[in-house]
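Written below as structure tokens is the structure these notes are about.
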Amino acid sequence: MRRRQFHRYFSLAAPAALLAVGGMPAHAADPWPSKPIRLVVPFAPGGSNDVIARRLAMQLSTSLGQSVVVDNRAGGGSTVGSNVVATAPADGYTLLFVSGSLATTAAVQKTPYDPLTAFVPISRVASAPFVVLTRDGFPAKTMGEFIAYAKANPGKINYGSAGLGDSTQLATELLSNVAGLKMEPVGYKGISPAQMDLIAGRLDVVITTIASIRGTPAEKLPMLAFTSEKRNADYPQVPTVKEATGLAYVVDVWWGAFGPKGMPTAIRDRLNKEIGVAVAQPEFATFLKSAGAAADPSTPDVLQQLLVTDVQRWTDTARRAGITPQ
86 MRRRQFHRYF SLAAPAALLA VGGMPAHAAD PWPSKPIRLV VPFAPGGSND
136 VIARRLAMQL STSLGQSVVV DNRAGGGSTV GSNVVATAPA DGYTLLFVSG
186 SLATTAAVQK TPYDPLTAFV PISRVASAPF VVLTRDGFPA KTMGEFIAYA
236 KANPGKINYG SAGLGDSTQL ATELLSNVAG LKMEPVGYKG ISPAQMDLIA
286 GRLDVVITTI ASIRGTPAEK LPMLAFTSEK RNADYPQVPT VKEATGLAYV
336 VDVWWGAFGP KGMPTAIRDR LNKEIGVAVA QPEFATFLKS AGAAADPSTP
386 DVLQQLLVTD VQRWTDTARR AGITPQ
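Numbering (my numbering), first residue to last: 86 to 411.
Structure representation (structure tokens):
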């Protein structure tokens, strides 16, 4: 009798146990990360986005115990690579490392994704200011004098940028809006040729980054001001635009990490923690300084709010500059 009862119990319990095992979530037996992670950079190799991403990938590979591989997907002003991540499985194995171009591109192009909803913000990684450069011999020697001269000579000052709708153009147009200036844009295919024309005296002003001028003749041009909230430690004699003019003008270049919409919160939080640890390493800070940037980690919410603010700001700036999304 007891034997029959045992067999009856086992015959009922065994399928239930098998179902329970079969229904266990995959992550219970296969914790993240269990395979290499792809870090998509929507720009070509060699630029600041790429070199910072590669340094971060090296740090994360160590802390996560899995390879983090940089995948350059250039094109469309960052839309090609960004869309790779926007359409990727939300399993934490495809991530995006991108600059503020995620916001500026959306302001001047019709993107296949909504930057505000297609991604899960993980952390800002680093930031850097722009610097306002003028040609040698320009009449204004300070930022205050520049604003006064530009107001007195509407349409007579030309500025160079890395192209239509690029962050360097939008940063300059925003300054024009805030200060009430009228300057003529000259677009180039990249910021380097614009800087060369500034050196040659064919342009009056260029707003660019320290990374793009460091070690070049452009570094010796007059620096009127930085666009950051605080002065740059490497150039303590150069004021900020806000400090020199009283204008509410603060613009930074930033880089951050994102995942696809729907990525688990636990993975996001783990990555946020590991990024914070990575950028706090002294060697990482030294590396960023050589690139003209500084570590600037954040919470996911802060990064999302930064993106929201930038999309709104650059969309309005592009509209006022007459740039229609294509």
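Quick reminder that beta carbons are idealized off the backbone N, C-alpha and C, glycines included. Computed from a prediction, not measured in an experiment: that's the story for all the values here.
Bridge-paired residues (DSSP) for residue i
{"i": "Y234", "result": "Looking at the DSSP assignment, Y234 forms no beta bridge with any residue, so it has no partner."}
{"i": "A213", "result": "V338"}
{"i": "R123", "result": "V154 and T179"}
{"i": "Y244", "result": "P270 and V290"}
{"i": "L249", "result": "None; L249 has no bridge partner."}
{"i": "F372", "result": "In the DSSP output, where bridge partners are listed per residue, F372 has none listed."}
{"i": "G407", "result": "Bridge partners of G407: none, in fact."}
{"i": "M308", "result": "L218"}
{"i": "F128", "result": "F128 is not bridged to any residue."}
{"i": "G344", "result": "V205"}
{"i": "T384", "result": "None; T384 has no bridge partner."}
{"i": "S184", "result": "W340"}
{"i": "A379", "result": "S212"}
{"i": "E172", "result": "The sequence shown places Thr at residue 172, not Glu. DSSP lists no partner for T172."}
{"i": "T325", "result": "F311"}
Of the listed residues the options, nearest to residue i (C-alpha basis)
{"i": "A203", "options": "M348, T294 and L391", "result": "M348"}
{"i": "E304", "options": "A365, T189, V364 and L218", "result": "L218"}
{"i": "L29", "options": "T350, G407, G222 and D251", "result": "Here the chain has residues from 86 to 411 only, and residue 29 is not among them."}
{"i": "I207", "options": "Q397, V183, K120 and P307", "result": "V183"}
{"i": "R158", "options": "R140, A175, D176 and G132", "result": "G132"}
{"i": "V412", "options": "P239, V125 and A225", "result": "There is simply no residue 412 to check, as the chain begins at 86 and stops at 411 in what is shown."}
{"i": "T164", "options": "D401, R140, M143 and A192", "result": "A192"}
{"i": "K226", "options": "D401, P307 and A256", "result": "P307"}
{"i": "G166", "options": "F311, A142 and N134", "result": "N134"}
{"i": "T409", "options": "P278, R139, R140 and T196", "result": "T196"}
{"i": "S297", "options": "I284, E328 and Q280", "result": "Q280"}
{"i": "R140", "options": "P367, Y273, F311 and K346", "result": "P367"}
Distance, residue j Cα to residue i Cα
{"i": "K241", "j": "S148", "result": "54 Å"}
{"i": "A101", "j": "Q389", "result": "Confidence is the limiting factor: at A101 the pLDDT is only 45, short of 50, which leaves the residue's position unreliable and the question unanswerable from this model."}
{"i": "V271", "j": "A188", "result": "22 Å"}
{"i": "D337", "j": "V210", "result": "13 Å"}
{"i": "R299", "j": "P200", "result": "32 Å"}
{"i": "F95", "j": "D115", "result": "The predicted model places F95 with a pLDDT of 42, which falls under 50 and marks its position as unreliable, so this point remains unresolved."}
{"i": "L288", "j": "K267", "result": "15 Å"}
{"i": "S146", "j": "F369", "result": "14 Å"}
{"i": "A376", "j": "D156", "result": "21 Å"}
{"i": "N168", "j": "T179", "result": "11 Å"}
{"i": "Q194", "j": "I276", "result": "20 Å"}
{"i": "P214", "j": "A403", "result": "20 Å"}
{"i": "F372", "j": "Q151", "result": "22 Å"}
{"i": "R398", "j": "L259", "result": "9 Å"}
{"i": "R316", "j": "Y198", "result": "36 Å"}
{"i": "T190", "j": "W117", "result": "32 Å"}
{"i": "S212", "j": "W339", "result": "4 Å"}
{"i": "G473", "j": "G162", "result": "The structure shown does not extend to residue 473, since the chain is modelled only from 86 to 411, so the question has no answer here."}
{"i": "V136", "j": "I122", "result": "17 Å"}
{"i": "V362", "j": "D282", "result": "42 Å"}
{"i": "G160", "j": "A173", "result": "18 Å"}
{"i": "Y273", "j": "T400", "result": "21 Å"}
{"i": "T232", "j": "P321", "result": "According to the sequence provided, residue 232 is Ile. The question's Thr does not apply to it. So the two alpha carbons sit approximately 21 Å from each other."}
{"i": "I352", "j": "K346", "result": "12 Å"}
{"i": "K374", "j": "I295", "result": "10 Å"}
Neighbour-count burial assignment, residue i, 16 or more Cβ in a 10 Å radius
{"i": "V154", "result": "exposed"}
{"i": "D386", "result": "exposed"}
{"i": "D319", "result": "exposed"}
{"i": "R405", "result": "exposed"}
{"i": "V393", "result": "exposed"}
{"i": "P302", "result": "exposed"}
{"i": "T350", "result": "exposed"}
{"i": "D354", "result": "exposed"}
{"i": "S435", "result": "Residue 435 cannot be examined here, being either before or after the span of the chain that is shown, 86 to 411."}
{"i": "E359", "result": "buried"}
{"i": "P127", "result": "buried"}
{"i": "G265", "result": "exposed"}
{"i": "G407", "result": "exposed"}
{"i": "N357", "result": "buried"}
{"i": "A237", "result": "exposed"}
{"i": "P382", "result": "buried"}
{"i": "Q411", "result": "exposed"}
{"i": "T293", "result": "buried"}
{"i": "P130", "result": "exposed"}
{"i": "A285", "result": "exposed"}
Contact belief for residue i with residue j at Cβ below 8 Å, rounded distance in angstroms
{"i": "Y334", "j": "V326", "result": "5 Å"}
{"i": "V396", "j": "L332", "result": "Incorrect: roughly 22 Å between the Cβ atoms, too far for contact."}
{"i": "V364", "j": "A380", "result": "4 Å"}
{"i": "I254", "j": "S246", "result": "Here the sequence assigns Gln to residue 254, which means Ile is not the residue at that position. About 4 Å separates the two Cβ atoms, so the contact holds."}
{"i": "A175", "j": "G344", "result": "7 Å"}
{"i": "V290", "j": "Y244", "result": "5 Å"}
{"i": "S186", "j": "S252", "result": "6 Å"}
Residue-level contact to chain C via CB, residue i, 8 Å cutoff
{"i": "T147", "result": "Absent here is chain C; the protein component of the structure consists of one chain."}
Distance cut-off 7 Å: residue i Cβ against heavy atoms of the ligand ZN
{"i": "I122", "result": "For the ligand ZN, the structure offers nothing, since it holds no ligand at all."}
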